[in-house]
Structure formats: structure tokens, C-alpha cells
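Down below is the structure, laid out as C-alpha cells.
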Amino acid sequence: MGIDIKDELSRFDTFLSEDGNINIVFSGIFGIGKTYFLRKYFENNDKYIPIYLTPINYIVSSNEDIFEYIKVDILFELIRVGANFKKEECSFSLATQMYILESSNKLLANLLKMTEKIKFGTDFLEKIINFKREIEDYKKDISIDEEEDAIGFLRSYTEQSGTIFEDNAITQLIRNLINSLKNSEKEIVLIIDDLDRIDPEHIFRILNVLSAHDNFYETNEHKFGFDKTIIVCDIYNIRNIYSAKYGIAVDFNGYIDKFYSKEVYHFDNTKNIIKSVINILTSIQSNQDIGINNTSNLSYTPCEEILSSLIKSKALNTRTLLKNLHKTYQNNRVLKIGNRRCLATNILSINILDFIRSMFSTFNDMKTAIYKLRESDLIISDKDNFLRVFLALADYPKNHFHVNNYVAYDIHYTVGNAIDFGLIDIDYQKSITEKIKAVDCSDVLRSAFSNYCDYFA
Numbered sequence: 001m002g003i004d005i006k007d008e009l010s011r012f013d014t015f016l017s018e019d020g021n022i023n024i025v026f027s028g029i030f031g032i033g034k035t036y037f038l039r040k041y042f043e044n045n046d047k048y049i050p051i052y053l054t055p056i057n058y059i060v061s062s063n064e065d066i067f068e069y070i071k072v073d074i075l076f077e078l079i080r081v082g083a084n085f086k087k088e089e090c091s092f093s094l095a096t097q098m099y100i101l102e103s104s105n106k107l108l109a110n111l112l113k114m115t116e117k118i119k120f121g122t123d124f125l126e127k128i129i130n131f132k133r134e135i136e137d138y139k140k141d142i143s144i145d146e147e148e149d150a151i152g153f154l155r156s157y158t159e160q161s162g163t164i165f166e167d168n169a170i171t172q173l174i175r176n177l178i179n180s181l182k183n184s185e186k187e188i189v190l191i192i193d194d195l196d197r198i199d200p201e202h203i204f205r206i207l208n209v210l211s212a213h214d215n216f217y218e219t220n221e222h223k224f225g226f227d228k229t230i231i232v233c234d235i236y237n238i239r240n241i242y243s244a245k246y247g248i249a250v251d252f253n254g255y256i257d258k259f260y261s262k263e264v265y266h267f268d269n270t271k272n273i274i275k276s277v278i279n280i281l282t283s284i285q286s287n288q289d290i291g292i293n294n295t296s297n298l299s300y301t302p303c304e305e306i307l308s309s310l311i312k313s314k315a316l317n318t319r320t321l322l323k324n325l326h327k328t329y330q331n332n333r334v335l336k337i338g339n340r341r342c343l344a345t346n347i348l349s350i351n352i353l354d355f356i357r358s359m360f361s362t363f364n365d366m367k368t369a370i371y372k373l374r375e376s377d378l379i380i381s382d383k384d385n386f387l388r389v390f391l392a393l394a395d396y397p398k399n400h401f402h403v404n405n406y407v408a409y410d411i412h413y414t415v416g417n418a419i420d421f422g423l424i425d426i427d428y429q430k431s432i433t434e435k436i437k438a439v440d441c442s443d444v445l446r447s448a449f450s451n452y453c454d455y456f457a
């Protein structure tokens, strides 16, 4: 099962096709599926040929090496997409002419040797060669060619690897190969992927190298002849790193806006990712009655809603979710509640939090995600059901799941005999509906999670 990206593909296609939209910053949070999306978009595309760079491979290198590694990556990609490498055989007559031009001294010496043996003395050859050398030296002394001097100086830099002015044979080869691809009437797109996975110290070094390529000799044309460039990253993460490195007073917009032609493209497929939660939960395998994979179970809807809320708040991403597709999940924890013991799966609130905990790398990551949730982040379709599952745990220091009547959040509730399930019955007295509407479910969830940490984690 894949995440539906149809709408986002259409939106990006319109954006990329805009006139003058040459440089693009493609932004999205880590793990949201930027690479997957771009690979799908350019797969068998009839308008573009993608060339991918992965700068994470360059982070141990100096700036000079980065220039060379970029060329290596581009050449590998050009081979992958089937660029035409020219193979031309030189004719014999042309080879003869070139050889004579380049070997005139050698030919002259051979001719004079033969002439010397026939007519002249033994020192004639040496005198002729010395005379020719003196003439050439004199010619150099009296000749002034400022343009040639300047060109020679510049050529020394264009042939030197690892400089911003480098334009040696390999660079020219790459440019020619890219131009040959353009004969297919497709635009060639350079994609710099995974910039947000690079150590902060190296991000701006690589951006500066790419900037030098994109302003080749101040012509505003890409050094290698690409039609478009796409930099893939999380722009907000880059902004924070920039501020930490150079200070919040330094203008980030003035730095980053040279990398995009119109505006930053914000990749956001959150709605479709949220829609996929139901497929992921129902795909989970277990030999227990874990509830969360059964849409008719009371624990399923609150679990789906909390996961959807964490996606909405950017605390969970596509990569993490897809790891749980068809996952085998077991929860064999045994909990002590007073003098009683029960399985964690029998207390719905705890069972849900246990499962969500398995989706985070560390417990602290989960804490941060839950405590950052606010009412505006929550996607709760049925507050009554949500409170029935989580209110007793949110009020646990008072009730300890003992059978009795209690009040929390101005709601009267009863812990019944089914304490193994951690469920409550709400006393639907007068005006209770309005009181339920007024409850901040994010506060209930944070309190429930705090007690989960203190008593059951």
C-alpha cells in the first residue's frame, strides 16, 4: 500500500511548468516522503529527465573535492539515463595533416639529415636548427599579444580542478552530454536530494558550491547546462540552522532566495497520510485481541484519532507510519493495579499508549510529541468515546481505577465493575453535553499520558 499522492503530483506539475520557474526549493519535513514523491513524479515523465545528486556523500570532503564529486555523480546519472557518448574515427588524410602540423620540427630535422648526407658538411644541420631557434626567440621578444596573455592566464584556471572557474575537458564533456539529451525535447532537471540529512556544518558549503555552478561566469546559466535545479530540504530546519550558525540578526531570506526563482514549494501530503492511518492499523497482525486493529473495538477510534493528530502536528511522518504496515505487534505487559494484576491490553487507554510508544524511536520523543499537542491539533470525532477511554487514566491519582463516583473536568463519571478495561460511565445529567463540548481533549490526553509515565511506563 502506498500513500495517495495524485493531488500533490498535479499541484507540483503545475508549479514546475510555470514560465521562468528555473530554480526550485522543494521543502517538507524529514520523513514526509519528499524523495519518494519526486521519484514517482519523474518516473517515465514525458517532459523532464531527472539527474539526482546526493550531497550526503560529500560531507567529509573539502570544497575543491565537492566540485569533483558533483561531476562524478552527474556522469554516473548521465550514463544511467542513456546520454550519447560520441565515438568518431579520424580519417587517414586528416590524421596525416594534423601529424605534419604538430611534428614539423621532427620532419624538418629528418629532411635536413638526408640533404646533409648528400651535399653539405657535417655541421650544416646544427647551424640550421640553431638559426631557426634564434629566429623563434627573436619573434617572441618583439611580439606583444595582451589578449593571448590574458587567455593563457584564464586557461590555467579553467583547466585546474576544484575551482569555481574550472571548465576542463570533463566539464565540457558533461555539458555536451546534457546538450545531447536536450535533443529529445525534454528539459534536464538537476535534483539535489536529502540536503536536510547533512551535518549542519556542511549544508551551506554545499549550497555555496551549487550557487557558483548556477551563476557560471556571471551569465546566470547553469555551469553544466541544466534547464532546472531542485533543492530538496526542510526550509524551516535550514532557517534554524542558519540562525544558529550566523545569528538571528543575519537575513536568511536574502541568502536563500537566490536558490529559487518564484517561491518555495511546500510539499504537504498530510491529508492523504492521515487517510492511510486506517489501512495501517487494520493491517497490523497479532495473535492477541489488541483492539487497535479492529474498527469495531472501542480502542480503535481513539488510537486512530491520536495518530492522525500526531501526523497533523508533524510529530509522526510517512516513513514511520509505513514501517507499521503489516507489522506483527504483541503486548504482553502485566500491570499491577492495587492488589490486582491485569494485562495492559485490557486497559484500553494504556494499550493505545503502549502501541503509539512503539512508533517512536525513544520514549522522550513520544513525550515531546504528546506534550506539544494542542486542541487545534486534535482530530476527535467523538468526544464521548474519547473521554470514556482516557478520562479515568487522566484522573488516576484520584480514582486508581476503584469502583466509585468521581468528578473531573466538571464531568461526573463512574468507574464501574469493568475496571480491567479502564472504562468509565459518564453521568449524563442536565447540561452535560455542553460540559463535554467544553473539555480540552488535548489536556485530558496530556494528563492521561503523565499518569501513564508515572504509574505504568
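Under the working numbering, the first residue of the sequence shown carries the number 1, and numbering increases by one thereafter. In this text, a Cβ means the ideal position worked out from N, Cα and C, and glycines have one as well.
Among the options, whose alpha-carbon lies nearest the alpha-carbon of residue i?
{"i": "Gly338", "options": "Lys367, Leu78, Pro397 and Asp227", "result": "Pro397"}
{"i": "Ser308", "options": "Asn331, Ala369, Thr328 and Asp289", "result": "Ala369"}
{"i": "Val81", "options": "Ile274, Tyr48 and Thr54", "result": "Tyr48"}
{"i": "Asp268", "options": "Thr318, Tyr455, Phe259 and Ile436", "result": "Thr318"}
{"i": "Tyr329", "options": "Thr295, Cys342 and Ser286", "result": "Ser286"}
{"i": "Arg11", "options": "Tyr455, Tyr41, Tyr246 and Asn404", "result": "Tyr41"}
{"i": "Asp234", "options": "Leu423, Ile256 and Asp4", "result": "Ile256"}
{"i": "Ile241", "options": "Ile198, Ile280 and Leu321", "result": "Ile198"}
{"i": "Asn45", "options": "Thr301, Ile24, Val72 and Leu9", "result": "Leu9"}
{"i": "Ala394", "options": "Thr54, Pro302 and Tyr409", "result": "Tyr409"}
{"i": "Lys336", "options": "Tyr455, Ala83 and Ser211", "result": "Tyr455"}
{"i": "Thr301", "options": "Ile380, Ser450 and His402", "result": "Ile380"}
{"i": "Lys327", "options": "Asn279, Lys34, Cys441 and Asn253", "result": "Asn279"}
{"i": "Ser442", "options": "Asn399, Ser376 and Val403", "result": "Ser376"}
{"i": "Asp73", "options": "Cys453, Glu304 and Ile191", "result": "Ile191"}
{"i": "Thr345", "options": "Ala438, Tyr371, Ile203 and Gln288", "result": "Gln288"}
{"i": "Asp7", "options": "Phe37, Val25 and Ile411", "result": "Phe37"}
{"i": "Asn23", "options": "Ile70, Glu304 and Val264", "result": "Val264"}
{"i": "Ser450", "options": "Ile411, His402 and Met366", "result": "Met366"}
Please classify residue i: does DSSP put it in a helix, a strand, or coil?
{"i": "Ala150", "result": "Because Ala150 carries a pLDDT of 48, less than 50, the predicted location of this residue cannot be relied on, and no value is offered for it."}
{"i": "Asp425", "result": "strand"}
{"i": "Tyr217", "result": "Here the model assigns Tyr217 a pLDDT of 45, short of 50, so the residue's position is not dependable, and the following value carries that caveat. In the structure shown, Tyr217 sits in a helix (DSSP, three-state: H, G or I)."}
{"i": "Thr537", "result": "Limits of the chain in this structure are 1 at one end and 457 at the other, which puts residue 537 out of reach."}
{"i": "Ile5", "result": "coil"}
{"i": "Lys312", "result": "helix"}
{"i": "Lys228", "result": "strand"}
{"i": "Thr362", "result": "coil"}
{"i": "Lys323", "result": "coil"}
{"i": "Glu375", "result": "coil"}
{"i": "His202", "result": "helix"}
{"i": "Ala83", "result": "coil"}
{"i": "Leu177", "result": "helix"}
{"i": "Ser276", "result": "coil"}
{"i": "Tyr157", "result": "A caution first: Tyr157 carries a pLDDT of 43, below 50, which makes its placement in the model too unreliable to give a value."}
{"i": "Tyr260", "result": "coil"}
{"i": "Glu434", "result": "helix"}
{"i": "Ile290", "result": "coil"}
{"i": "Ser296", "result": "coil"}
{"i": "Glu305", "result": "helix"}
{"i": "Lys448", "result": "Position check: residue 448 holds Ala in this sequence, whereas Lys was assumed. DSSP places Ala448 in helix when its eight states are reduced to three."}
{"i": "Gly20", "result": "coil"}
For residue i versus residue j, is the C-beta distance shorter than 9 Å?
{"i": "Ile486", "j": "Leu195", "result": "Lying outside 1 to 457, the shown extent of the chain, residue 486 is not represented and no answer is given."}
{"i": "Ile426", "j": "Leu373", "result": "no"}
{"i": "Leu378", "j": "Leu281", "result": "no"}
{"i": "Asn21", "j": "Lys262", "result": "yes"}
{"i": "Leu53", "j": "Asp227", "result": "no"}
{"i": "Ile290", "j": "Asn331", "result": "yes"}
{"i": "Pro55", "j": "Ile206", "result": "yes"}
{"i": "Val189", "j": "Ile230", "result": "yes"}
{"i": "Tyr415", "j": "Tyr428", "result": "First, the residue type needs correcting, since residue 415 is Val and not Tyr in the sequence shown. No, the Cβ-Cβ distance between Val415 and Tyr428 is not below 9 Å."}
{"i": "Ile178", "j": "Gly225", "result": "yes"}
{"i": "Ala457", "j": "Phe355", "result": "no"}
{"i": "Lys258", "j": "Pro200", "result": "no"}
In terms of DSSP beta bridges, what is residue i paired with?
{"i": "Thr414", "result": "Asn405 and Asp425"}
{"i": "Thr266", "result": "Before going on, a small fix: residue 266 reads as His here, not Thr. In DSSP, His266 forms a bridge with Ser27."}
{"i": "Cys233", "result": "Ser27"}
{"i": "Cys342", "result": "Leu335"}
{"i": "Pro50", "result": "Val189"}
{"i": "Gln285", "result": "Thr328"}
The ligand HEM and residue i: does any heavy atom of the ligand fall closer than 8 Å to the residue's C-beta?
{"i": "Gly33", "result": "Ligands in the displayed structure: none, and consequently the ligand HEM is not present."}
Can we say the region 347–357 touches the region 373–386, given the rule of at least three CB pairs closer than 8 Å?
Not touching, per the Cβ criterion.
Is it a yes or a no for the region 354–364 touching the region 429–443, going by three-plus beta-carbon pairs under 8 Å?
Between the region 354–364 and the region 429–443, the count of Cβ pairs shorter than 8 Å is below three; the stretches do not touch.
Are at least three pairs of beta-carbons, each pair with one atom in the region 10–22 and one in the region 275–295, less than 8 Å apart?
These segments do not touch.
So, does the region 310–317 touch the region 18–33, judging by three or more C-beta pairs under 8 Å?
Enough Cβ pairs lie closer than 8 Å, so yes.
Whether or not the region 280–296 and the region 255–268 are in contact is what I'm after, with contact meaning three or more pairs of Cβ atoms, one per stretch, closer than 8 Å; do they touch?
At 8 Å Cβ cutoff, the stretches do not touch.
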